[in-house]
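Student:
Protein chains: 2
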Amino acid sequence: MAIPALNPPLRTLMGPGPSDIHPRVLEAMAKPTIGHLDPYYLQLMDGMQQMLRQLFRTTNPMTMAISATGSAGMEATVVNLIEPGDSMVVCVNGVFGGRMVDVAERAGADVTKIERPWGEVFTVDDLVPALEKKPQVVGIVMAETSTGASQPLEEISRAVHDAGALLLVDAVTSLGGIPVEVDQWRIDAIYSGSQKCLSCPPGLAPVSFGPAAMEKVLSRKTKVQSWYLDVSMLANYWGTDRVYHHTAPINMSYGLYEALRMIHEEGMEACFARHLANHEMLKAGLSELGISYAAQEGHQLPMLNAVHIPEGVDDAKVRGELLNRFGIEIGGGLGAFKGKVWRIGLMGHAARETNVMLLLAALRKLL
Amino acid sequence: MAIPALNPPLRTLMGPGPSDIHPRVLEAMAKPTIGHLDPYYLQLMDGMQQMLRQLFRTTNPMTMAISATGSAGMEATVVNLIEPGDSMVVCVNGVFGGRMVDVAERAGADVTKIERPWGEVFTVDDLVPALEKKPQVVGIVMAETSTGASQPLEEISRAVHDAGALLLVDAVTSLGGIPVEVDQWRIDAIYSGSQKCLSCPPGLAPVSFGPAAMEKVLSRKTKVQSWYLDVSMLANYWGTDRVYHHTAPINMSYGLYEALRMIHEEGMEACFARHLANHEMLKAGLSELGISYAAQEGHQLPMLNAVHIPEGVDDAKVRGELLNRFGIEIGGGLGAFKGKVWRIGLMGHAARETNVMLLLAALRKLL
Numbered sequence: 080m081a082i083p084a085l086n087p088p089l090r091t092l093m094g095p096g097p098s099d100i101h102p103r104v105l106e107a108m109a110k111p112t113i114g115h116l117d118p119y120y121l122q123l124m125d126g127m128q129q130m131l132r133q134l135f136r137t138t139n140p141m142t143m144a145i146s147a148t149g150s151a152g153m154e155a156t157v158v159n160l161i162e163p164g165d166s167m168v169v170c171v172n173g174v175f176g177g178r179m180v181d182v183a184e185r186a187g188a189d190v191t192k193i194e195r196p197w198g199e200v201f202t203v204d205d206l207v208p209a210l211e212k213k214p215q216v217v218g219i220v221m222a223e224t225s226t227g228a229s230q231p232l233e234e235i236s237r238a239v240h241d242a243g244a245l246l247l248v249d250a251v252t253s254l255g256g257i258p259v260e261v262d263q264w265r266i267d268a269i270y271s272g273s274q275k276c277l278s279c280p281p282g283l284a285p286v287s288f289g290p291a292a293m294e295k296v297l298s299r300k301t302k303v304q305s306w307y308l309d310v311s312m313l314a315n316y317w318g319t320d321r322v323y324h325h326t327a328p329i330n331m332s333y334g335l336y337e338a339l340r341m342i343h344e345e346g347m348e349a350c351f352a353r354h355l356a357n358h359e360m361l362k363a364g365l366s367e368l369g370i371s372y373a374a375q376e377g378h379q380l381p382m383l384n385a386v387h388i389p390e391g392v393d394d395a396k397v398r399g400e401l402l403n404r405f406g407i408e409i410g411g412g413l414g415a416f417k418g419k420v421w422r423i424g425l426m427g428h429a430a431r432e433t434n435v436m437l438l439l440a441a442l443r444k445l446l
Numbered sequence: 080m081a082i083p084a085l086n087p088p089l090r091t092l093m094g095p096g097p098s099d100i101h102p103r104v105l106e107a108m109a110k111p112t113i114g115h116l117d118p119y120y121l122q123l124m125d126g127m128q129q130m131l132r133q134l135f136r137t138t139n140p141m142t143m144a145i146s147a148t149g150s151a152g153m154e155a156t157v158v159n160l161i162e163p164g165d166s167m168v169v170c171v172n173g174v175f176g177g178r179m180v181d182v183a184e185r186a187g188a189d190v191t192k193i194e195r196p197w198g199e200v201f202t203v204d205d206l207v208p209a210l211e212k213k214p215q216v217v218g219i220v221m222a223e224t225s226t227g228a229s230q231p232l233e234e235i236s237r238a239v240h241d242a243g244a245l246l247l248v249d250a251v252t253s254l255g256g257i258p259v260e261v262d263q264w265r266i267d268a269i270y271s272g273s274q275k276c277l278s279c280p281p282g283l284a285p286v287s288f289g290p291a292a293m294e295k296v297l298s299r300k301t302k303v304q305s306w307y308l309d310v311s312m313l314a315n316y317w318g319t320d321r322v323y324h325h326t327a328p329i330n331m332s333y334g335l336y337e338a339l340r341m342i343h344e345e346g347m348e349a350c351f352a353r354h355l356a357n358h359e360m361l362k363a364g365l366s367e368l369g370i371s372y373a374a375q376e377g378h379q380l381p382m383l384n385a386v387h388i389p390e391g392v393d394d395a396k397v398r399g400e401l402l403n404r405f406g407i408e409i410g411g412g413l414g415a416f417k418g419k420v421w422r423i424g425l426m427g428h429a430a431r432e433t434n435v436m437l438l439l440a441a442l443r444k445l446l
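Protein sequence lines, in the order shown, are assigned to chains A and B. Read left to right, the first sequence gives residues 80 to 446 (the numbering used here). Read left to right, the second sequence gives residues 80 to 446 (the numbering used here).
1) In chain order, what residues of the same chain have a beta carbon less than 8 Å from the beta carbon of Leu368 (chain B), not counting five sequence neighbours either side?
2) Please compile the residues from chain B whose C-beta is within a distance smaller than 7 Å of the C-beta of Met108 (chain A).
3) Measuring only between beta-carbons, confirm whether Ile82 (chain A) sits less than 7 Å from chain B.
4) With 16 other CB atoms within 10 Å as the buried threshold, where does Arg404 (chain B) fall?
5) In angstroms with no decimal places, state the Cα-to-Cα distance between Phe135 (chain B) and Leu254 (chain B).
6) Are the beta-carbon atoms belonging to Lys275 (chain B) and Met426 (chain B) less than 7 Å from one another?
7) Which residues, in chain order, does the segment 292-317 of chain B contribute to contact with chain A at a C-beta distance below 8 Å?
8) Cβ atoms of Ala242 (chain A) and Leu210 (chain A): under 7 Å apart, would you say?
9) Answer with buried or exposed for Gln304 (chain A), where buried requires no fewer than 16 other C-beta atoms within 10 angstroms of its C-beta.
10) Run through the DSSP bridge pairs and tell me what Trp421 (chain B) is partnered with.
11) Do the CB positions of Ala314 (chain A) and Met141 (chain A) come within less than 7 Å of each other?
12) Nearest-angstrom Cα distance between Tyr120 (chain A) and Pro280 (chain B)?
13) Quick check: the segment 409-428 of chain B against the segment 378-397 of chain B, are there 3 or more CB pairs under 8 Å?
14) For Trp306 (chain B), is the beta carbon positioned less than 6 Å from some heavy atom of the ligand NAP?
15) Quick check on Ile145 (chain A): does DSSP put it in helix, strand or coil?
16) Under 7 Å, Cβ to Cβ, is there at least one residue of chain A near Ser278 (chain B)?
17) Pull out every residue of the segment 138-151 of chain A whose Cβ sits closer than 7 Å to any Cβ of chain B, in chain order.
18) Could you tell me whether the Cβ of Gln274 (chain B) comes closer than 7 Å to any Cβ of chain A?
19) Check the Cβ of Asp117 (chain A) against every Cβ in chain B and list those closer than 9 Å, keeping chain order.
20) Scan the segment 332-362 of chain A for residues whose Cβ lies nearer than 9 Å to a Cβ of chain B and list them as they occur along the chain.
21) State the start and end residues of the unbroken beta strand (DSSP E) segment that holds Lys192 (chain B).
22) List the DSSP bridge partners of Met167 (chain B).
23) Just to confirm before moving on: does the CB-CB distance between Thr226 (chain B) and Ala349 (chain B) stay below 7 Å?
24) Are His358 (chain A) and Ser371 (chain A) touching if we call contact CB-CB under 7 Å?
25) Within the 7 Å Cβ cut-off, does Val169 (chain B) reach chain A?
26) Please go through the same chain and pick out, in chain order, the residues whose beta-carbon is closer than 8 Å to the beta-carbon of Pro88 (chain A), but skip the five residues on each side of it.
27) Closest by CA to Leu283 (chain A), which one among B:Thr148, B:Ile82 and B:Glu106?
28) Compute the beta-carbon to beta-carbon distance between Ile329 (chain A) and Thr112 (chain A), rounded to the nearest angstrom, for a pair I have assumed lies under 8 Å.
29) Considering Cα atoms alone, identify which of A:Met179, A:Leu116 and A:Trp264 is closest to Leu160 (chain A).
30) Could you pull the DSSP bridge partners for Ala222 (chain B) from this structure?
31) Does the beta carbon of Arg185 (chain A) sit closer than 7 Å to a beta carbon anywhere in chain B?
32) According to DSSP, Tyr372 (chain A) sits in a beta bridge with which residue or residues?
33) Sorted by chain position, which residues of the same chain lie with C-beta nearer than 6 Å to Pro285 (chain B)'s C-beta, five sequence neighbours on each side aside?
34) Count the other C-beta atoms from every protein chain shown that fall within 10 angstroms of the C-beta of Glu294 (chain B), then say buried if there are 16 or more, exposed otherwise.
35) In this structure, what does DSSP give as the bridge partners for Val248 (chain B)?
36) Rounded to a whole number of angstroms, what is the C-alpha to C-alpha distance between Gly256 (chain B) and Lys302 (chain A)?
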């Protein structure tokens, strides 16, 4: 049995994630492994929590990184807040809202799904009928990675809380690329992924649980269905008690620490501005090529540009040539958008002028 | 807010995991990230599966790495095999058997716990009364990391199958250090962790599901409670369909690939022999210091040496000095063994003569 040496190709990652990783973050991944109860590792956890709180704009003590990918972040927030029979409203306008319905039903939630067409966003009016039924939890995706739509949350949060529900938010693609105001917007539970605008390899899911969410967790009548994701147990490891729960992914944490440190150095405002500027440059360039956006005007994400594949263009062929000739990865469409849109990521370290220039030049050659 | 640079100390990792990591594996972690549907990554998945099948000694198609740590491997095997109301027997002679009870109950299993004193192992006779009740699944830990006891499985497997149950095995600490014969011993579902004898950083959980386990999964009446760990969905990504499920932890996979490749190069028999030889050397050296083993004679794991802390010795002080003066990490006791035993790991790259020599010399200075 011949096992070839590890030799991954060099890519420019402009898909829906993972995004380009800065060499500093890759180097961090290779630092010597230490124990998950080593005093230095405990310090590192504190530093990660500090930087994640800054990025989520929250003082929530229960802000940490789940030891799995972003999808496990979704599961972690849902299974902690939902007890069997609880009612949950889930807003669905793309793949990831749909996934949240599945996750919530598996947790025993009585789910009311409300829908908007793909590429559009929700207004308070869309939620009103469902909120009248007084659900316990409302789940919504802030940055729908399948459509590139940017969901405003402030008014919806007010309506959700007026109805007495908890607000659960998917910030997988938004965190680090656009403002996410957990405390100001009163988000009760939120999750993200390391591999999007944080520009760390995939493998960790930053989450934050607010006071009302933790109250719900601590007053549960049933145990959280997942031992691995039980936030009341994780709190004993991430909190001051430092009780062993599972063996933390040390080197992944090194990567996330360094990636967060780079955002901290750049400054959050500068980081958001960079994402926006590169999005505008890309949008102008694509417009010259006759390529338009799939998401509603005024609600387009800077970091995830879902665009219509031009008439007569072979989706697979162009993406294949981008990858094989130029080493550029962009994403294809998911679900209802399969074969109809491309998803161009400008996330984290990938959100830079040279990437935009390169992709536009490559598309000009291929189209 | 000052965030210090990442600068982890150099450690010799001789605790219960993570174990010492070879520089080749650390370098692999830092290779450029690529997409989770990149043709090269799909090849890499094939290579990982091939090497994991070799190590598990199985032809099971559903052999792969769960995108989370070893504890999630436990949860993955349990939640896929258990439907609410199913009966499960769990053998408990340490912390990890106890954890399996908790995980199984959260999955809705009707659990019968059978117990042996810590440090001892189970015989078929211990299981007979519980097997008479015809449980659906029997769970057992092969290498109890909290006690250092090595559980023989062949006869127990026969009894379990005679009773019509599926056998679920924890191989977190055993895989790569002692023979694990999935097909020959008819293990139906098994899980491990990347950070023990595989000598990769923590973050991935190798698992394997046999034909009877997959039949049970595919004939379930209810959905698996965890979307993230649902093996029928994971099969579509790890199998030939390559359907996107979640974003795989690319750089962790690089690490595991390289770690498995090193075992493949060394040869499994040589690798097992190395673990055993170093264990014997350590045991002889400890014996000279008057230190004895916590696990039953004849059932002591080579890679996890749980030993009684000598009378009058200050546990925390000695472990602290080992770490701070000599950079050596060993583990303290868990649960019933807290303050009573040390857990000395000789796992993977840590299972080498120089480590044994160093630890014995350090203990001689401190005791």
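Idealized CB from N, CA, C, for every residue including glycine. What you are looking at is a predicted structure, and each value in this text was computed from that prediction instead of being measured.
Tutor: Quick look at the numbers:
1) Pro389, Leu439, Leu442, Arg443 and Leu446
2) Within chain B, the residues whose beta carbon sits less than 7 Å from that of Met108 (chain A) are Met108, Ala109 and Asn330, listed in sequence order.
3) yes
4) By the 10 Å Cβ count, Arg404 (chain B) comes out exposed.
5) C-alpha separation (whole angstroms): 7 Å.
6) Yes, they are a contact pair.
7) Lys302, Val303, Gln304, Ser305, Trp306 and Tyr307
8) Cβ atoms of Leu210 (chain A) and Ala242 (chain A): closer than 7 Å.
9) buried
10) Trp421 (chain B) pairs with B:Val386 and B:Gly411.
11) yes
12) 14 Å
13) yes
14) Absence of the ligand NAP from the depicted structure is noted, as is the absence of any ligand whatsoever, leaving it without description.
15) strand
16) no
17) Ser146, Ala147, Thr148, Gly149, Ser150 and Ala151
18) Under the Cβ criterion of 7 Å, Gln274 (chain B) is counted among the residues facing chain A.
19) Pro87, Pro88, Arg90, Leu402 and Glu408
20) Tyr333, Gly334, Tyr336, Glu337, Leu339, Arg340, His343 and Glu344
21) Note, Lys192 (chain B): beta strand (DSSP E), Asp189 to Glu194.
22) B:Val190 and B:Val216
23) no
24) no
25) no
26) Gly406
27) Among B:Thr148, B:Ile82 and B:Glu106, the Cα nearest to that of Leu283 (chain A) is on B:Thr148.
28) 5 Å
29) A:Met179
30) Among the bridge pairs identified by DSSP, Ala222 (chain B) is matched with B:Ser229.
31) yes
32) A:Val386
33) Apart from the 5 residues on each side of it in sequence, Pro285 (chain B) sits with its Cβ closer than 6 Å to the Cβ of Leu131, Ala144 and Ser271 in its chain, given in chain order.
34) With fewer than 16 other Cβ atoms within 10 Å, it is exposed.
35) B:Ile219 and B:Ile269.
36) Between Gly256 (chain B) and Lys302 (chain A), the alpha-carbon positions lie close to 35 Å from each other.
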